[in-house]
Every structure is written in C-alpha cells, then in structure tokens.
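Written out below as structure tokens is the structure these notes cover.
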Amino acid sequence: MFRCCHILGYWVAFTKAHGHRIPDSHVFVGDNFVQKSWPTFLYKVVPDENMAIRYPMAVGLSKGHPVTKNVTAPKHARRRGRLTKHSKFVRDMIREVCGFAPYERRAMELLKVSKDKRALKFIKKRIGTHIRAKRKREELSNVLAAMRKAAAKKD
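In numbering that gives the first Met the number 0, the protein residues as written are 0 to 154.
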C-alpha cells in the first residue's frame, strides 16, 4: 500500500526507490497512475481539467466509505444523576424540617459580609472538592438572595 496525499489536484502515492533518499511518486490520473520523481513532480505537473472524479480514499480528513449514521434513541442510563421532581421535593422537605448544617450557616454569615472567597475556601475544606464548593456557595448565596427578597416583600 502506498502512502497517499492530495497535491495540486492530484492523488499522489510515495514509494521508496531502491535505497534513494528521495521517494518516487505515483500520480493518480483517473484509475491509472504515472510514475514521476518527487522534485520534478512538484514543479512540472499542472492539474488537468479533464481529471476523473475523486473517489473515497483510505487516508485524509474524509477517509473511508461514505455511510449514513444510524439514529439511536438516547440510553436510559444517560439520565442518571439528573434531578427529578420527587427528589427535589424530598430535598426541599428535609431542608424545611432540618434547616442548614452548622458549616452552611457559618458560610452564609461569611457571604453576608461579602467574604465570598473566604466562604469558598471554608466550604471547600468541609466538602472536599472545589467544584462542589462552588456549587454550594452559589446555592447558599441564592438562599440569601431569596431571604432578602422575602424580607423586602414583607416590608
């Protein structure tokens, strides 16, 4: 099998020519190929207007046999971890009954006095990961905003 590439409108295949450092090139014109030495090919070959159409090749960006993709339904396992109505209801109920954990209350106090970075570091130390800490800080700041909104509405 030759190594192929597309140069100047031609498909070119390279072979090592009996120990020479410069490879020979085979220029494909339609279904036939013409053997040229590599440097002369670069400068002397001009693309032919009557060249045959290009066929699917084994190399390149659009390599392989053209096919239509199968449309498959998404797997049921892909929805794993997504928040359902029932689990949201249960979490809200537990939050209403139990309130906030002590570390969450302390983080809310830090957020009240605009110590966002300090609150993030504190939550990260308690929870363990940076992404979860960012999510928790966002959740607590949303709770504080809702509390402020409710207090303003009451007045």
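We put the beta carbon where it would ideally sit given N, CA and C, even for glycine.
- For L109, the uninterrupted alpha helix (DSSP H) run begins and ends at 101 to 111, by DSSP.
- Per the coordinates, the alpha-carbon of S86 lies some 10 Å from the alpha-carbon of G80.
- Taking a cut-off of 8 Å for Cβ pairs, the stretch 101 to 116 and the stretch 136 to 143 touch, as three or more such pairs fall below it.
- A145 carries a helical assignment under DSSP once its states are collapsed to helix, strand and coil.
- At least 8 Å separates the beta-carbon of K135 from that of H129.
- By the criterion of a C-beta distance shorter than 8 Å, F121 is surrounded in its chain by Y102, R105, A106, L109, once the five residues flanking it on both sides are discounted.
- A118 is classed as buried because its beta carbon has at least 16 other beta carbons within 10 Å across all chains shown.
- Between the alpha carbons of V66 and G59 lies a distance of about 16 Å.
- For A132, the CB contacts under 6 Å within the same chain, skipping 5 residues up- and downstream, are L119, I122, K123, I126 in chain order.
- One Cα belongs to M92, the other to K68, and the distance between them is close to 46 Å.
- In the three-state DSSP reduction, S140 falls in the helix class (H, G or I).
- Our two residues, K153 and H75, have alpha carbons roughly 45 Å apart in a direct line.
- For the pair K84 and R90, the Cα-to-Cα distance works out to about 10 Å.
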